[in-house]
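Enquirer: Below is a structure I'd like to ask you about.
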Amino acid sequence: MARSELSVPARLYRGFPWLLACCGAVGAYLLMSGSTYLAVAELVLTVAHRAEVDIADPATLATFDLWFQLASQLASALLFWLWWRILTPRQVSYARRGLLRRDAASIARRLVALALLGVVIQMLVSVVLTLMVSLLPQVMKNYRDTMEAAGTTDFSLITVLVVGLGAPLLEETMCRGVLLEFALRAVCPEWRAAWRRGAPRDERWRARSRRVPAAQLWLANGIQAALFGLLHGNIVQTCYAFLIGLALGALFWRTGRLRYNMMLHGVVNIASYAVNAIWGALAGLGLIGMIVVLVVVGVFAADLYRTGTVAFAGALPAAGETEAR
Numbered sequence: 004m005a006r007s008e009l010s011v012p013a014r015l016y017r018g019f020p021w022l023l024a025c026c027g028a029v030g031a032y033l034l035m036s037g038s039t040y041l042a043v044a045e046l047v048l049t050v051a052h053r054a055e056v057d058i059a060d061p062a063t064l065a066t067f068d069l070w071f072q073l074a075s076q077l078a079s080a081l082l083f084w085l086w087w088r089i090l091t092p093r094q095v096s097y098a099r100r101g102l103l104r105r106d107a108a109s110i111a112r113r114l115v116a117l118a119l120l121g122v123v124i125q126m127l128v129s130v131v132l133t134l135m136v137s138l139l140p141q142v143m144k145n146y147r148d149t150m151e152a153a154g155t156t157d158f159s160l161i162t163v164l165v166v167g168l169g170a171p172l173l174e175e176t177m178c179r180g181v182l183l184e185f186a187l188r189a190v191c192p193e194w195r196a197a198w199r200r201g202a203p204r205d206e207r208w209r210a211r212s213r214r215v216p217a218a219q220l221w222l223a224n225g226i227q228a229a230l231f232g233l234l235h236g237n238i239v240q241t242c243y244a245f246l247i248g249l250a251l252g253a254l255f256w257r258t259g260r261l262r263y264n265m266m267l268h269g270v271v272n273i274a275s276y277a278v279n280a281i282w283g284a285l286a287g288l289g290l291i292g293m294i295v296v297l298v299v300v301g302v303f304a305a306d307l308y309r310t311g312t313v314a315f316a317g318a319l320p321a322a323g324e325t326e327a328r
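Under the numbering used here, the first residue of the sequence shown is numbered 4, with each subsequent residue one higher.
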């Protein structure tokens, strides 16, 4: 059925259940994450108690807490990775999985671009947060207290694993993998045949060959980015995580592959430990000069990633489109 043949009530009727599915996926994450954390914590603390190991020291408990977080992240990431794999053959975004070039130059472009983009994103966030300190001092104090309470501000093996491995694996499989797909189904009900089991092959082909309008793509992207931001639990992180989520959603739509998202997400998070060093290196430029340099490098990196993800001829649809595979 063509998009123009669907009335507004019909679109809402078909799309609303997928919005509920987004909420259900978030609920599944909270349940899986919480239950895993509690189960691992109970096991470890019970063993420590029976072995008469003293873990009452606050620093020791904080370290254990981070390991429990990592366990819950990896368990939840496994759940959403399996979920995403099940969805993959029927995804709206599946047609984005073009055959990317694997020559050394293209691979190098992708890797360098992701590294630069990750550092630039982290530094731009740092600049904005620095400017907000004088404008919203109480809000920023609460934000700093929240980050310190999370226990991931100090550089160590476990903090790097939590923010650089666990968080990217979980958040990309959940938000860009499952939530973005459900959001696309919510705003693109005319693609129903692409994911409906038992749909005739010709209907599925026609659904996959339809163009995904930019407005609907960005609406779906905004839904997953909003949920991604809200999952961070405080107003400051929610705001900048929403913007980063939009960028990560666009990155995923470029290739239909999550591994590039995981790489970029990991670089963004790990770069937080190098912010002070980079600030020192760029301090001589002044604030305006620093922002200009970051924007220029960011634009260069984005274009480098674009040229590094050019597919073989005819393998990857233009941005905002899907094609029959």
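Note that CB positions come from ideal geometry on N, CA and C, so glycine has one too.
In this text, all values refer to a predicted model and were calculated from it rather than measured experimentally.
Find out if the Cβ-Cβ distance for the pair Met-143, Val-239 is shorter than 9 Å.
Expert: Yes.
Enquirer: Tell me whether Glu-193 is buried or exposed, calling it buried when 16 or more other Cβ atoms sit within 10 Å of its Cβ.
Expert: Result: buried.
Enquirer: Decide if Thr-176 is buried, meaning its Cβ has at least 16 other Cβ atoms within 10 Å, or exposed.
Expert: By the neighbour-count rule (16 or more Cβ atoms within 10 Å), Thr-176 is buried.
Enquirer: Compare the Cα-Cα distances from Gly-292 to each of Glu-174, Leu-127, Asn-145 and Leu-172 and report the closest residue.
Expert: Selected option, being the one with the closest Cα: Leu-127.
Enquirer: Of the residues Val-122, Pro-61 and Ala-223, which one's Cα is nearest the Cα of Ser-96?
Expert: It is Ala-223.
Enquirer: With a Cβ-Cβ cutoff of 9 Å, do Thr-49 and Ala-78 count as a contact?
Expert: The answer is no: Cβ separation not under 9 Å.
Enquirer: Thinking Gln-227 and Gly-248 are a contact (beta carbons under 8 Å), I'd like their distance in whole angstroms, please.
Expert: Yes, they are in contact, since the Cβ atoms of Gln-227 and Gly-248 sit about 7 Å apart, within 8 Å.
Enquirer: Which word fits Arg-200, buried or exposed, when buried means at least 16 other C-beta atoms lie within 10 angstroms of its C-beta?
Expert: Label assigned to Arg-200: exposed.
Enquirer: Count the CB pairs spanning the segment 147 to 158 and the segment 62 to 74 that are closer than 8 Å, and state whether there are at least three.
Expert: These segments touch.
Enquirer: With distance defined between alpha-carbon atoms, name the residue in Tyr-32, Arg-104, Trp-87 and Leu-64 nearest to Thr-310.
Expert: Of the listed residues, the one whose Cα sits closest to Thr-310 is Arg-104.
Enquirer: In whole angstroms, what separates the C-alpha of Ser-232 from that of Ala-244?
Expert: The residue you asked about is not Ser; residue 232 is Gly in the sequence shown. Their Cα atoms are separated by approximately 5 Å.
Enquirer: Taking contact to mean at least 3 C-beta pairs separated by less than 8 Å, is the segment 48 to 63 in contact with the segment 6 to 25?
Expert: In short, these stretches do not touch, since the Cβ pair count stays below three.
Enquirer: Excluding five sequence neighbours on each side, which residues of the same chain lie with their C-beta closer than 8 Å to the C-beta of Asn-237?
Expert: Closer than 8 Å at Cβ, skipping near neighbours: Asn-145, Tyr-146 and Thr-149.
Enquirer: Give the secondary structure of Leu-114 by DSSP, where H, G and I count as helix, E and B as strand, and everything else as coil.
Expert: Note: Leu-114 maps to helix in three-state DSSP.
Enquirer: Please tell me whether Met-293 has its Cβ less than 9 Å away from any Cβ of chain D.
Expert: Among the chains in the structure shown there is no chain D, since it carries only a single protein chain.
Enquirer: Name, in chain order, the residues that DSSP records as bridge partners for Arg-387.
Expert: Any property of residue 387 remains undetermined from this structure, which presents the chain solely from 4 to 328.
Enquirer: Is the number of C-beta pairs between the segment 263 to 274 and the segment 163 to 178 that are closer than 8 Å three or more?
Expert: Short answer: they touch.
Enquirer: Just verifying my parser: in three-state terms, what is the DSSP assignment at Arg-88?
Expert: Arg-88: helix per DSSP, three-state reduction.
Enquirer: Considering only residues of the same chain and omitting the five flanking positions on each side of Val-131, which have a CB-CB separation below 8 Å?
Expert: Correct list, in chain order: Tyr-243.
Enquirer: Would you kindly work out how many angstroms separate the C-alpha atoms of Arg-179 and Met-265, rounded to a whole number?
Expert: Rounded to whole angstroms, Arg-179 to Met-265 spans 10 Å at the Cα level.
Enquirer: Report the option in Leu-307, Gly-301, Asp-306 and Thr-312 whose CA atom is closest to the CA atom of Val-122.
Expert: Selected option, being the one with the closest Cα: Gly-301.
Enquirer: Nearest by alpha-carbon distance to Gly-283: which of Trp-87, Val-313, Ser-129 and Ala-59 is it?
Expert: Answer by Cα proximity: Ser-129.
Enquirer: Do Tyr-308 and Leu-117 come within 9 Å of each other at the CB atom, strictly closer than that value?
Expert: Yes; because the gap between Cβ atoms is below 9 Å, this pair is in contact.
Enquirer: Give me the Cα-Cα distance between Ala-31 and Ala-24, rounded to the nearest whole angstrom.
Expert: For Ala-31 and Ala-24, the distance between alpha carbons rounds to 10 Å.
Enquirer: Kindly give me the distance between the Cβ atoms of Ala-28 and Leu-134, rounded to whole angstroms, as I take these residues to be in contact under 8 Å.
Expert: Actually they are not in contact, since the Cβ atoms of Ala-28 and Leu-134 sit about 35 Å apart, beyond 8 Å.
Enquirer: Can you name the residues that DSSP bridges to Leu-246?
Expert: DSSP, once it has assigned bridges, lists no residue as partnering Leu-246.
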